[in-house]
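Counting in full-length UniProt numbering, the sequence shown tops out at residue 591, every number present.
Note that the Cβ used here is the ideal one computed from N, Cα and C, for glycine as well.
Source: prediction; values computed, not measured.
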Amino acid sequence: MSENHNYTGFEAWLHNLKMSMRMMLFILAALAIVYVAVVVTYVYFSYDKDQLYYMYKWLLSGALAKTFPNFTMHLNYDGKVIEVAAHNLFSVYYEQGMTDLLALRSVAIKSLLVFLLFFPLHKFFSNKAKSQSKDEYARGSQLSTPKELRKQLRKEQLSLPFGEVKMPIKAEVKHCFIVGATGKGKTVLTSSFIEELRRRGEKAIIYDFKGDYVSRFFDPERDLLFNPLDSRSINWDIFSDMKTPMDIISMTASLIPEQAHTSQPFFNLAARDVFTGVVSHLFQTNQKNYSTLWNTLTKSPEELAELLRNTKGGTAGAAHIADPSNKQTGSVLSTMHLYSKIFEYFKDDNDSFSIEEWVKNGSGILFISNYDKLKETLKPILTMFIDTVARNLISMPDDPNNRLFFILDEFGTLQKMQRIVELLTLSRSKGGAVFLGIQDIGQIDNIYGKDLRNTIINACGTNAIFGVNDPDTADFLSRKIGDTEYHKALSGMTFGSSERNSVNMHRQKVREPLFISSQIMQLPDLQCYVKFPNFAGCMTTLKPKSYSVNQEEFKMRPDLSLDNIFWERQKILDELQIIKTDQNSSKLEKF
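Have a look at this one:
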């Protein structure tokens, strides 16, 4: 059992005090030697041997003249030794002696300035001592301060702000992964991105799950918004972005994804075949409009199966619903309706929007807004929209000067994007810059599985890590940040009853995580670890900013309001009643 002696702390303090005093005395002694050396050097080069001899005799006579004025002094003069009284020697050479003495005193006083070196020397040796007691980085992950990172980035062209530091422009197309629990600062960071992109006039896709970015930044005069249920939405024409049968298959896969963690993927895959067949039928019969699409999707199983059997590209779907009495048919159609329900609310409009055309020639910011109360209805079509943008960007020719930003905050609220891996791995040469934001890795695991999750996150060159609540996420992030290897400075003191205490110092190689999981879970709000490609990571603090609310987060289309639907229906019934009344009146008049 260890015994805690109450004198141990005093001995350590006293020893440190002695060492500090010894260092100061050493510096003062060294400066005193320098001081003497300066004065002696001045005298040596300013006076010859005879001048020094007469100055010495004059100073000595001055000292004797006060007490023994008639004291006989011997003086070598012109090769002879003469005798002269001390007071006579002092008075004869007084003027010359005082001149030399004042000059010497001036030099002596000015030379005292050398002692001003005490303070920088004290600081130098103190820092040297501190450096010897500091850990020495060897290799692996490294944590720098914002000031140090800014110094490293001096020669880089900088762009988006990450609190106290800015991202190098060349890192934009290497993509960014942002993770943090609710309220930790992801929205503050993303808002600063949008503000900078707006200032630069960049083209961007911004997925807004909560409506924060639409309310703060959406400008109807220069921006676009996609949400089929919002009155401000563009009218996306999905048919205009389908040029080949492969496009139909690809876009259908985005609308109806494979289900992760399921033992029965059949129903989603079968629903894809049915939907693909329906869209193919509309192309072959030149009925490319939403009302016909929805009417066809909701036909009876018998009618739909017959239609698909007579459609090129529809036979696979027909086989899944061939028997209307089979439960499989009902499950397949229910699955298809679950993902395609949103098309009931699409409007046929001559002023339609083409993603392909926008990716090629469009500009500005395109907001993709979700709405919490309708998120399950909107999720498939919003994912399909973003996936189609990604597919079109990937098919573009290489252009290092192009930029298309994908700001996908709350990425886990979308369903599985078929093109996300291709977007992250192939879009760099096209100018694609993807920023993914999530709350925890479980959101990605539930949609993509662990293998694809690792591929997605590892494809992002920049990481911004806020505090998280999930221990598994914290463990994953700790491993992702990596280990650091350094030489740890260790010191020990030996005390004894004598004055001969001692200190020994040595270094030990240590390897450990740069951040342990508990540190990540305890990160304060608005503080995050940021790591740019090829640069050391650093902790940066964000400053919150107040934004004015310029737009409604969600503005429901008037024709979708239940009250409006009721009154519209009532109006139609009233009009029918008037027509019937007029017809009856005409019959009575004839009678």
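- Query: Can you tell me whether DSSP reads Phe-591 as helix, strand or coil?
  - Reply: Here the model assigns Phe-591 a pLDDT of 46, short of 50, so the residue's position is not dependable, and the following value carries that caveat. Three-state result, Phe-591: coil.
- Query: Nearest to Lys-480 by alpha carbon, out of Ala-86, Asn-469, Ile-441, Phe-239?
  - Reply: Ile-441
- Task: Count the other CB atoms, across all protein chains shown, that sit within 10 Å of the CB of Ile-565; report buried if there are 16 or more and exposed otherwise.
- Result: No answer about Ile-565 holds up, because its pLDDT of 49 lies below 50 and its placement is not dependable.
- Item | Distance, Ala-181 Cα to Gly-412 Cα | 13 Å
- Message: When you compare the CB positions of Phe-90 and Ala-65, do they come within less than 8 Å of one another, or not?
- Response: yes
- Do the stretch 347-357 and the stretch 239-247 touch if we need at least three Cβ pairs shorter than 8 Å? yes
- Query: Are there 16 or more other CB atoms within 10 angstroms of the CB of Gln-443, so buried, or fewer, so exposed?
  - Reply: buried
- Can you tell me whether Phe-218 is buried or exposed, with buried defined as 16 or more other CB within 10 angstroms of its CB? buried
- Query: Per DSSP, what kind of secondary structure is Met-73 in: helix, strand or coil?
  - Reply: strand
- Contained beta strand (DSSP E) runs [length at least 3] in the stretch 162-191, N- to C-terminal order: 165-168, 176-179
- Message: For Gly-211 and Gly-431, what's the separation of their Cα atoms in angstroms?
- Response: 27 Å
- What is the C-beta distance between Leu-436 and Ile-178, in whole angstroms, given that I count them as a contact (C-beta under 8 Å)? 7 Å
- Find out if the Cβ-Cβ distance for the pair residue 636, His-74 is shorter than 8 Å. Outside the displayed span of the chain (1 to 591) sits residue 636, for which this structure offers no information.
- Could you spell out the range, first to last residue, of the alpha helix (DSSP H) harbouring Tyr-207? Note, Tyr-207: premise wrong, no alpha helix (DSSP H); beta strand (DSSP E) at 204-208.
- Query: Are Ile-342 and Ile-381 touching if we call contact CB-CB under 8 Å?
  - Reply: yes
- Item | Bridge partner(s) assigned by DSSP for Cys-538 | Ser-144, Val-530
- Message: If you measure between the beta carbons of Ala-390 and Arg-419, is that distance less than 8 Å?
- Response: yes
- Item | Classification of Arg-199 by the beta-carbon crowding that lies within 10 angstroms, buried from 16 upward | exposed
- Message: Can you tell me where the alpha helix (DSSP H) holding Phe-435 begins and where it ends?
- Response: Where Phe-435 is concerned, there is no enclosing alpha helix (DSSP H), although the beta strand (DSSP E) it sits in stretches over 432-438.
- Query: Is the Cβ-Cβ distance between Cys-528 and Ile-438 less than 8 Å?
  - Reply: no
- Query: Residues in its own chain within less than 8 Å of Asp-398 by CB, not counting five upstream and five downstream?
  - Reply: Ser-429, Lys-430
- Query: Ile-256 by DSSP, collapsed to three states: which one?
  - Reply: coil
- Query: Helix, strand or coil: how does DSSP classify Asp-483 here?
  - Reply: strand
- Local conformation of Val-549 per DSSP, three classes: coil
- Query: Nearest-angstrom Cα distance between Ala-260 and Gly-449?
  - Reply: 7 Å
- Task: Give the secondary structure of Ile-248 by DSSP, where H, G and I count as helix, E and B as strand, and everything else as coil.
- Result: helix
- Starting from the Cα of Lys-170, find the closest Cα among Lys-555, Val-468, Gly-461, Leu-526 and give me that residue. Gly-461
- Message: Closer than 8 Å is the cut-off here; do at least three beta carbon pairs connect the stretch 334-351 with the stretch 192-207?
- Response: no
- Message: Tell me the DSSP secondary structure of Glu-303 in three-state form.
- Response: helix
- Sequence-distant residues of its chain with Cβ nearer than 7 Å to Ile-249 (five each side left out): Thr-276
- Query: Is the stretch 150-168 in contact with the stretch 508-516, if contact means three or more CB pairs nearer than 8 Å?
  - Reply: no
- Applying the criterion that 16 or more other CB atoms from any shown protein chain within 10 Å of the CB defines a buried residue, is Ser-363 buried or exposed? exposed
- Item | Element boundaries [alpha helix (DSSP H), containing Lys-379] | 375-394
- Query: Should Leu-17 go down as buried or exposed, given a rule of 16 or more other Cβ atoms within 10 Å for buried?
  - Reply: exposed
- Message: Helix, strand or coil for Asn-361? Go by DSSP, reduced to three states.
- Response: helix
- Task: Might you give, ordered along the chain, the residues of its own chain that have their beta carbon closer than 7 Å to the beta carbon of Phe-532, omitting 5 neighbours on each side?
- Result: Met-167, Pro-168, Ala-171, Thr-462
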